[in-house]
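Residue numbers (this note's numbering): 6 to 439.
Using N, Cα and C, we set each Cβ at its ideal position, and we do this for glycine too.
Only one structure is covered here, and it is reproduced in the block below.
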Amino acid sequence: AASPFDPRTHVLGAGGLSFGNLDVRRLGTYAVAAFLVIVFAMALLHLGPFAAAPKSDGSHHVGVQGANAIGGNAAYLAQNVATQVSIARPVEPALAQLSPYTPTREDLANLAGQKAPYAFALNTGDSDQGAPVLSDRSLVNLNNALAYYDTNGYEASYLIMDLGTGRGIAGNLDTAIYGASSFKGPYCAYVVNKEFPNDINEARSSRVTQVENTIIWSDNSSYGKLRRTYGTEGMEEWLAEAGVDTALVDDTYFPTYTARQSALMWLKIYDYLENAGTSAAEWLSETFGSTEVSFLRNGALGTTSAGHTDYLPEEGSGTEEGVEEAETEAGEEAEVSADSSEASLEVEAAPDEGDPIVDEEKVVASIGTNITVRNKAGWIDGQEDDAVCDSGIVTINGRDYLMVVMTSAPDSADGEQAFAHLARTLFEVRSDLV
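Right, dumping it as structure tokens:
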């Protein structure tokens, strides 16, 4: 037998050290490979140093898939389950089976003003079904969506109502909130309804452009021209017909008002859009459906505008109030200038011709097969006033809903994300209406 120290059995050379038929280099390679397999398995199974860290932020809005969903975030999964239920069993066919009812301004005026979310029916006496009740799951989801506002000391007011039955969900309707540019929607509706000819082709082209710029692009210069042209008297009459305090029109060009008042104004807008039967009403409906910014649409899509800022007056005052002072020194002569001159001003205020306009029809699988949003939003991060607001008519699976969400949060990525979360939740909990 060879000695343990026999040089024939212990060889050291360029290839490394070997003991008999056993190669030490191979042993090292195998060990490294085994170690990598173990590390990979631990990473795949989230074990040891790869275990997920405790989650400290559960505020991500519904509709954005990411690490929270992969990691099993309970809140996201609960919302996702609710969404899938909405896909499988849409509420609109069930609403269509209930007794039809046309909401009135008196109905909206009599809704409860409580801060806590609640469901309601405007015609419980004649309905085939009693008043709806929010489920425990819906209350939890709504409270989660409202947590951003409660935690930061902001107000949030909201309403979603099926316009075919008068059944809806609301909360905090009477808290006054700065409306920002959202008031441009009702004012333009008054102008088209009361001041424009029924045939939109007979309307002055520069005024048509001003209304389009005001609604679609929230252009303050165009809005200021409309306000100085048509004043307040006609708007006071329009507000009185809607059941809203007429003093609202005198509270600057961008008044502070409530979600109940916004709902009343949009109920009147809806009646005009649906029942006027004129080309002017049809054109206005299409214009409301082409807004560049819609926080309600963001909620349906599960996205945000990521801190979009409103168009400011040409003098760059930094707040929306500046439009009220814009061009007042110039006098009325500038306002009655020729169509060609005025049109050139509008081209400067409007976006480039090639810029896309949001398509009216939206296919959103997680909410319904077809969604149309007609709205006017308002948003500002100001020195004195803050707001992220939106109101309008949302059509889901062929049924029209009146929807209002007004918040006193400053415009920011967080504020718009919180709004999208609340709007999305309201869309989803509408299943409780039947």
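Nearest neighbour of Leu438 by Cα position, chosen from Met166, Asn402, Ala268, turns out to be Met166. The straight-line gap separating the alpha-carbon atoms of Gly171 and Arg404 is approximately 12 Å. In this structure, the CA atom of Thr180 is about 19 Å from the CA atom of Pro191. Shown here, Lys199 sits in a helix according to DSSP, grouped into three states. The C-beta distance from Trp271 to Leu407 rounds to 6 Å, short enough to meet the 8 Å contact threshold. For the segment 129-188, the continuous alpha helix (DSSP H) assignments of 4+ residues that do not extend past its boundaries occur at 141-157, in sequence order. Counting along the chain, the unbroken beta strand (DSSP E) around Ser396 starts and ends at 391-401. Contact annotation: the segment 188-208 touches the segment 232-244, with at least three C-beta pairs closer than 8 Å. Between the C-alpha atoms of Asp416 and Ser187 there is a straight-line separation of about 13 Å.
In this structure, the beta-carbon distance from Tyr163 to Ala264 falls below 8 Å. Each of Gln215, Gly248, Val96, Thr214 was checked against the Cα of Gly173, and the nearest Cα belongs to Val96.
In the structure shown, the three-state DSSP call for Lys120 is coil. Around the CB of Phe300, 16 or more other CB atoms lie within 10 Å, so the residue is classed as buried. Between Ser290 and Leu278 the beta-carbon gap is near 5 Å, inside 8 Å, which marks them as a contact. The alpha helix (DSSP H) runs lying completely inside the segment 198-233 and spanning 4 residues or more are 210-221, given in chain order. DSSP places Asp386 in the strand class (E or B) of the three-state scheme.
Looking at the DSSP output, Tyr406 sits in a beta bridge with Asp167, Val399. Distance between Arg142 and Glu217, taken at the CA atoms: about 41 Å. The alpha-carbon of Arg429 is positioned some 14 Å away from that of Ala161. Linking Glu297 to Glu421 through their CA atoms gives a straight-line distance of about 15 Å. For the options Ala423, Phe432, Ile401, Phe424, the alpha carbon positioned closest to that of Ala101 is the one of Ile401. The C-alpha of Asp386 lies about 21 Å from the C-alpha of Ala150. Rounded to the nearest angstrom, the gap between the Cα atoms of Leu127 and Leu139 is 16 Å. Here Tyr235 has Val196, Glu200 as same chain residues with Cβ atoms under 7 Å from its own Cβ, once five neighbours each way along the sequence are excluded. Within the same chain, Gly135, Ala136 come within 7 Å of Thr129 by CB-CB distance, once the 5 residues on both sides are set aside. With respect to the C-alpha of Glu238, the residue from Val254, Asp250, Ser227 having the closest C-alpha is Val254.
The beta-bridge partner set that DSSP reports for Met411 consists of Ser162, Cys394. The C-beta distance from Leu269 to Arg110 rounds to 6 Å, short enough to meet the 8 Å contact threshold.
For Phe125, the beta-bridge partners assigned by DSSP are Gly173.
Here Leu168 is buried. Its C-beta has 16 or more other C-beta atoms within 10 Å. If the five residues before and after Ile274 are omitted, its C-beta is found closer than 6 Å to the C-beta atoms of Ala194, all from its own chain and listed in chain order. The residue from Val399, Thr377, Thr412, Ile398 with its alpha-carbon nearest to that of Asp390 is Thr412.
Apart from the 5 residues on each side of it in sequence, Pro108 sits with its Cβ closer than 8 Å to the Cβ of Leu127, Met166, Leu168, Gly171, Leu272, Leu407 in its chain, given in chain order. Remark: C-beta atoms of Ala414 and Asn157 approach each other more closely than 8 Å. As the crow flies, the alpha-carbon of Leu113 is around 36 Å from that of Ser211. Contact annotation, Val213 with Ile205: C-beta distance approximately 7 Å; criterion of less than 8 Å satisfied.
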